[in-house]
Amino acid sequence: MPATCVVGLQWGDEAKGKIVDLLSDRHDFVVRYNGGANAGHTIVWGDRTFKLSLLPTGVLKPQVTSVIGNGLVVYPPRFLEEVDQLLAAGVPVGKNLVLSDHAHVIFLYHMEEERLAEADAEGKLGTTGRGIGPCYQDKVGRRFAIRIGELLNPTHLRDRLRHIVPVKNKLLAAFGSTTPFNADKLCVEYLGYAERMRSHIGDTVRILHDGLAAGKNLLFEAAQGSLLDVDHGTYPYVTSSSSLPSGIWTGSGVPARNVTRIIGVVKAYTTRVGRGPFPTELDDGPTGIGERIRKIGREFGTVTGRPRRVGWLDTVALRYTSALAGTDEITVMLLDVLSGLTELKICTAYELDGERITHFPSDAYQLERCQPVYETMPGWSEDITTARAKKDLPAAARRYVDRIRELVGLPVSHISVGPDRVQTITE
Ligand code: IMP
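Mind the numbering: the sequence shown is residues 19 to 445 in the numbering used here, read in order.
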């Protein structure tokens, strides 16, 4: 198995970090290929909890090489902050963490641009405020972007910033900003970060190609969920990168044919942060089921702390994303959160303008008009957090998982019944 990808099949926060953590023991490399510090990965080891936004989950295992691929956008202070947090917790971080010299740099003016754009009620997307979108805009626009490798050349960086910052200041002023950025100050600041990052910066494409040639195993860790993919998600309410496995080739330089196992991670219900259509959303008030799931599932953003929107499982969306991702198997996460509910609903189709459809509409504006068609299933009252085999689950919980398998049409390889790595059922 040269390469495996772990990808979320909903709107992110599917608990991918736990699956990556479980699988990383059997891999030589853990690679991120998209996004930046907009992701939030929580890993629980006994009484220790690690929260990572930018670094790959593999960084917790010093024997694994963790790679931040060329497809990422990186805010240097965040990179250093996460490294420092791990070092303070006694996790060694050295040559095992490599950052692509081709990844793009997020500057403070990107965050300011995003803040101002999000202040416009009509254009607001509900982003994480980490400068992700504006940095990717500059990457694709080519003229005003800076790559990580450029931070290592002081004269070049100063010249580039002296060219870029005045343009950015004009743009920001047009948006209403009153505090211009100073190119030389930014240059000094970022050269300082670069000095500390230097030992981690490298040619990750070559490193990964050498790894493949030597028969090493690679694990790709997607950030965000498939429905946030910039091409195939619920556009424009998406992130700015390819979160689907299609992003692996561009975002890491590893050709798709090497990826032979794709694991789709699915929460036992659905959540979404930020704006955008969400047909199965439970908007049933402070005493409703939505609020109950939010509280029990601790459904608050790892990055922003925002309460996540919560809803029933949507298998129309899952059939769409699992096909797009080329999924071989799915894992059902946070099943324990549903314990205690008398009945559960699963969305199997939509009503769109009076017609029943079983496909996911190709645009977000149609999705906004979709009403969910539900199948109702009995719930279970037992605590399932100590189940370690499928037979330990109550019959209703087994039936719920089996129904997901039938409706999505893929085998279920793992069921998660709690945050700890031991709280996992492997089928
Ligand atoms: P951005 O990625 O910060 O530009 O935000 C775009 C959309 O993606 C917003 O709705 C965010 O809430 C959402 N988003 C970005 N990263 C994540 C994530 O890791 N989990 C869930 N939602 C995310």
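Quick reminder that beta carbons are idealized off the backbone N, C-alpha and C, glycines included.
The stretch 300-319 and the stretch 112-132 do not touch, with fewer than three beta-carbon pairs separated by less than 8 Å.
Sixteen is the threshold: since fewer than 16 other Cβ atoms of the shown chains lie within 10 Å of the Cβ of K313, the residue is exposed. Comparing alpha-carbon positions, the option among P110, T60 and P184 lying closest to K36 turns out to be T60.
Counting every other CB atom within 10 Å of its CB across the protein chains shown gives K113 a total below 16, marking it as exposed. DSSP, read as helix, strand or coil, puts V116 in strand. The way I'd put it, the stretch 133-145 doesn't touch the stretch 81-92; fewer than three beta-carbon pairs between them come closer than 8 Å. Scanning S217, F238 and R216 for the CA closest to the CA of L226 turns up F238. The Cβ-Cβ distance between I150 and G54 falls below 9 Å.
As computed with DSSP, W63 is found in a beta bridge with R66. Not one heavy atom of ligand 1 lies closer than 8 Å to the C-beta of N200.
Judged by DSSP secondary structure, T339 falls within the alpha helix (DSSP H) whose first and last residues are T333 to A343. A residue is called buried when at least 16 other Cβ atoms come within 10 angstroms of its Cβ; S217 does not meet this threshold and is exposed. A direct Cα-Cα distance of roughly 6 Å separates L352 from A286.
Distances taken from the Cβ of Y368 to the heavy atoms of ligand 1 include none shorter than 8 Å.
Secondary structure of L72 (DSSP, three-state): coil. Spanning the alpha carbons of R417 and A33 requires a straight line of approximately 22 Å. Of the candidates G271, T252, R326 and V321, T252 places its Cα closest to the Cα of Y383. DSSP places C23 in the uninterrupted beta strand (DSSP E) bounded by A21 to G26. Between the stretch 326-339 and the stretch 179-190, the count of Cβ pairs shorter than 8 Å is below three; the stretches do not touch.
For Y368, the beta-bridge partners assigned by DSSP are I375 and P390.
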